[in-house]
Structures are given as C-alpha cells and as structure tokens.
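Trainee: Below you will find the structure I want to go over with you.
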Amino acid sequence: MENIRIAPAGDSSILIEFGHEIKPEINQKISATVQLLKAQHTPGVIDIIPAFCSLLINYDPRVISYGEMKKRVQEIVKMEVKAGETRKKVYEIPVCYGGEFGPDIQAIADHAGLSVGEVIEIHSSRDYLIYMLGFLPGFCYLGGLDERIHTPRLASPRLKISAGSVGIGGSQTGIYPLDSPGGWQLMGMTPVKTYDPDREVPILVEAGDYIRFVPIDETEFYRIKELVDKGEYQCTIREGD
Numbered sequence: 000m001e002n003i004r005i006a007p008a009g010d011s012s013i014l015i016e017f018g019h020e021i022k023p024e025i026n027q028k029i030s031a032t033v034q035l036l037k038a039q040h041t042p043g044v045i046d047i048i049p050a051f052c053s054l055l056i057n058y059d060p061r062v063i064s065y066g067e068m069k070k071r072v073q074e075i076v077k078m079e080v081k082a083g084e085t086r087k088k089v090y091e092i093p094v095c096y097g098g099e100f101g102p103d104i105q106a107i108a109d110h111a112g113l114s115v116g117e118v119i120e121i122h123s124s125r126d127y128l129i130y131m132l133g134f135l136p137g138f139c140y141l142g143g144l145d146e147r148i149h150t151p152r153l154a155s156p157r158l159k160i161s162a163g164s165v166g167i168g169g170s171q172t173g174i175y176p177l178d179s180p181g182g183w184q185l186m187g188m189t190p191v192k193t194y195d196p197d198r199e200v201p202i203l204v205e206a207g208d209y210i211r212f213v214p215i216d217e218t219e220f221y222r223i224k225e226l227v228d229k230g231e232y233q234c235t236i237r238e239g240d
C-alpha cells in the first residue's frame with residue numbers, strides 16, 4: 000500500500016487510489032478506510048463511494064477545504080490495517096436455482112461441461128467479496144467466481160430481467176436488484192430484496208461485505224418471499240475471519 004495516490008476530483012471531491020489491481024487486500028484497505036472516515040464524522044463529508052481500487056469522497060467545500068480534507072485523508076491511510084481488525088460479515092442469500100427462475104442454467108452447465116447439480120454446488124460453495132456497488136442501486140460487483148463456471152454473456156441481452164435474478168456474466172456473478180435490461184446468463188432467483196426504497200436502509204449490503212448463495216427449493220422461495228413482502232424476513236448474517 001505504499002503507492003496510494005490522493006488527488007482532487009473536481010471542485011468538491013477527493014480521490015484516493017490504492018493501486019491498479021482488483022485484489023482482496025486492496026479492498027480490505029478501502030473498507031477499513033471507509034470505516035475510519037465514518038467513525039471520525041468529519042464535517043462537510045457528503046458521501047463516501049468505494050470502487051474496485053479507489054475511494055471517492057464527496058465533500059462540501061464551504062465546510063471543509065480541499066487542503067484540510069487531504070490532510071485528514073493522509074492521516075487515515077497511513078494507519079496500519081492488520082488481519083483481524085475488521086470482521087468478515089457474510090450475508091446468506093437464499094436462491095432457487097433453475098426452472099422458471101434460472102432459464103439459462105442448462106446453458107451454463109453445457110458451457111462448463113458439468114451437470115446442473117455441479118454448477119449449483121460450485122456456485123453456492125464459497126463466500127463472494129463485494130468489491131463495490133454500482134450500475135443499479137444495490138447491484139453488487141462480486142469477486143471470486145470459480146473459473147469452471149465462467150460463462151459468456153448472452154449474444155442478445157434481454158430487455159427485462161426481473162429483480163432478484165441471479166446470473167453469471169463472464170467472470171462475475173451477481174443479483175439484479177431491480178427490473179432492468181441485461182445480458183447475464185440467469186441461473187436462479189432470490190426472494191430477498193438487495194434494494195428496497197421503502198426500507199430504512201434501502202441497500203442491504205455494503206462494499207467489503209460478503210455474500211454466500213444458499214440453494215432453496217420453490218416452496219421455500221415462496222415462503223421467504225411472503226415474509227419479505229411483509230417486511231418480516233431477516234437474512235442470516237454470520238461473521239468470520
């Protein structure tokens with residue numbers, strides 16, 4: 000982390016660049032910096048936006064100058080972040096794979112030379128790091144998809160993909176938080192809303208958290224969906240190293 004670069008981004012933002020590689024170590028530093036910035040409650044900070052290798056801070060220049068903001072940032076990024084200082088938070092997201100919820104799962108399996116069952120087992124066997132949020136509110140850019148199930152995007156994107164759809168696009172997997180066009184291969188659906196504008200905290204997760212996909216059947220899907228619609232469902236969240 001010796002090559003951290005701090006520079007202005009317009010007249011009311013400051014950009015911290017932590018490197019040029021998408022790596023868990025860089026993401027950990029970014030997440031820790033976000034936590035430290037929030038803990039300090041710096042006057043004038045409007046928003047903190049993490050990305051794969053950088054962090055953008057929007058601030059009100061009428062409240063805090065660029066010079067003062069840069070000084071505070073420099074002090075924070077010098078702080079050592081050691082393993083164990085931040086807890087790993089894993090959200091278990093139930094997914095009903097295949098059928099009407101996952102119309103492309105057979106294509107994913109055929110491309111990988113695997114059975115559908117093997118694809119599901121591989122996809123649901125690991126914790127995926129959320130590197131950043133973007134594209135749509137609550138859309139998670141996840142790292143760690145097993146190379147065996149990397150699958151090209153559709154040649155012709157769909158005009159509408161339903162909210163909650165879980166898919167694969169190239170080397171990434173993720174959840175569509177809203178109805179939207181998209182070209183990812185769909186393998187399942189979750190009844191959980193990763194974005195809900197009526198919720199006190201609309202976006203369910205944050206960059207630096209993890210997601211684990213948990214296979215469920217159709218009966219369980221509709222049972223959970225009913226609870227979600229009533230505002231009574233809580234994802235299982237576990238902590239790890």
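In numbering that gives the first Met the number 0, the protein residues as written are 0 to 240.
Even glycine gets a Cβ: it sits at the ideal position worked out from N, Cα and C.
Roughly how many angstroms lie between the CA atoms of residue 114 and residue 50, to the nearest whole one?
Mentor: Their backbone Cα atoms lie some 35 Å apart in a straight line.
Trainee: In the DSSP assignment, find the alpha helix (DSSP H) that holds residue 31 and state where it starts and stops.
Mentor: Taken as a continuous stretch (DSSP letters only), the alpha helix (DSSP H) holding residue 31 covers 23 to 39.
Trainee: Within 10 Å of its beta-carbon, does residue 158 have 16 or more other beta-carbons around it, so buried, or fewer, so exposed?
Mentor: Burial call: exposed.
Trainee: Is residue 190 close to the ligand HEM? I mean its beta-carbon at under 6 Å from any heavy atom of the ligand.
Mentor: What this structure holds is no ligand at all, so the ligand HEM is not there to describe.
Trainee: Leaving out five residues before and five after residue 100 in sequence, what residues of the same chain have Cβ atoms less than 7 Å from its Cβ?
Mentor: Correct list, in chain order: 187 and 188.
Trainee: Which residues does DSSP pair with residue 49 in a beta bridge?
Mentor: According to DSSP, which records beta bridges pairwise, residue 49 is partnered with 54.
Trainee: If you count every other CB in all the chains shown that lies within 10 Å of the CB of residue 200, and 16 or more means buried, which is it?
Mentor: By the neighbour-count rule (16 or more Cβ atoms within 10 Å), residue 200 is not buried but exposed.
Trainee: Whose C-beta lies closer than 7 Å to the C-beta of residue 170 among residues of the same chain, with five residues either side of it excluded?
Mentor: Closer than 7 Å at Cβ, skipping near neighbours: 144 and 149.
Trainee: Is the separation between the beta-carbon of residue 173 and that of residue 185 shorter than 7 Å?
Mentor: Result no, Cβ atoms of residue 173 and residue 185 do not sit closer than 7 Å.
Trainee: For the 8 Å Cβ check, are there 3 or more pairs between the stretch 6 to 13 and the stretch 55 to 65?
Mentor: With the cut-off at 8 Å, the stretch 6 to 13 and the stretch 55 to 65 touch.
Trainee: So, under 8 Å CB-CB, residue 90 and residue 213 are touching, yes? Tell me the CB distance rounded to an integer number of Å.
Mentor: Their Cβ separation, rounded to whole angstroms, is 10 Å, which puts residue 90 and residue 213 out of contact at 8 Å.
Trainee: Go ahead and pull the three-state DSSP assignment for residue 198.
Mentor: Coil at residue 198, not helix or strand.
Trainee: For residue 35 and residue 76, what's the separation of their Cα atoms in angstroms?
Mentor: Those two C-alpha atoms are separated by around 9 Å.
Trainee: Whole angstroms are fine: how far does the CA of residue 228 sit from the CA of residue 197?
Mentor: Their backbone Cα atoms lie some 11 Å apart in a straight line.
Trainee: Based on Cα-Cα distance, which residue from 95, 235, 207 and 238 lies nearest to residue 31?
Mentor: Considering only alpha carbons, the answer is 207.
Trainee: Please tell me whether residue 193 and residue 180 are closer than 7 Å, where the distance is taken between their beta carbons.
Mentor: No, these two residues do not count as a Cβ contact at 7 Å.
Trainee: Would you kindly work out how many angstroms separate the C-alpha atoms of residue 92 and residue 211, rounded to a whole number?
Mentor: Going by the C-alpha atoms only, they are around 6 Å apart.
Trainee: Quick one: grab the DSSP three-state call for residue 9.
Mentor: Coil at residue 9, not helix or strand.
Trainee: State buried or exposed for residue 70, treating a residue as buried only when at least 16 other CB atoms are found within 10 Å of its CB.
Mentor: Result: exposed.
Trainee: Measure the CB-CB distance between residue 209 and residue 135 and report whether it falls below 7 Å.
Mentor: Going by C-beta atoms, residue 209 is not nearer than 7 Å to residue 135.
Trainee: By how many angstroms is the C-alpha of residue 238 removed from the C-alpha of residue 87?
Mentor: Their Cα atoms are separated by approximately 5 Å.
Trainee: My parser needs the beta strand (DSSP E) runs of 3 or more residues fully inside the stretch 67 to 130; what are they?
Mentor: Runs found: 87 to 96.
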